[in-house]
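Here's the structure we're looking at; comments come further down.
Residue numbers (our numbering): 5 to 88.
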């Protein structure tokens, strides 16, 4: 189990788009906009990305988690919890 100090959750940036695209069926331009609007959060461990969470909004007001993905080698280690 990793320590919390090793894991960072942060808003995604344009440089994270290749990782985020792996498990998102959204068109690239929509995903790029979601990153710009801070609707995507990524988890980083030792300089590499290990998970992401995407938000959506009901009625343009109520946020909810549309998807959460943790790479297979890092599941069960607290990455999802860090993203939340």
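Quick reminder that beta carbons are idealized off the backbone N, C-alpha and C, glycines included.
From a predicted model like this one, the values you see are computed outputs, not experimental measurements.
Can you tell which of the options has the C-alpha that lies nearest to the C-alpha of residue i?
{"i": "residue 78", "options": "43, 42, 56, 34", "result": "56"}
{"i": "residue 16", "options": "61, 54, 10", "result": "54"}
{"i": "residue 18", "options": "34, 81, 67, 66", "result": "34"}
{"i": "residue 9", "options": "63, 49, 87, 73", "result": "49"}
{"i": "residue 22", "options": "11, 13, 44, 12", "result": "44"}
{"i": "residue 60", "options": "51, 30, 11, 81", "result": "30"}
With DSSP run on the structure shown, which of helix, strand or coil describes residue i?
{"i": "residue 52", "result": "strand"}
{"i": "residue 62", "result": "strand"}
Terminal residues of the continuous alpha helix (DSSP H) containing residue i?
{"i": "residue 87", "result": "83 to 87"}
DSSP beta-bridge partners for residue i?
{"i": "residue 4", "result": "Nothing about residue 4 can be reported from this structure: the residues present for the chain run from 5 to 88 only."}
Could you tell me which uninterrupted beta strand (DSSP E) segments, each at least 3 residues in length, are contained entirely in the region 16 to 48, listed from first to last along the chain? none
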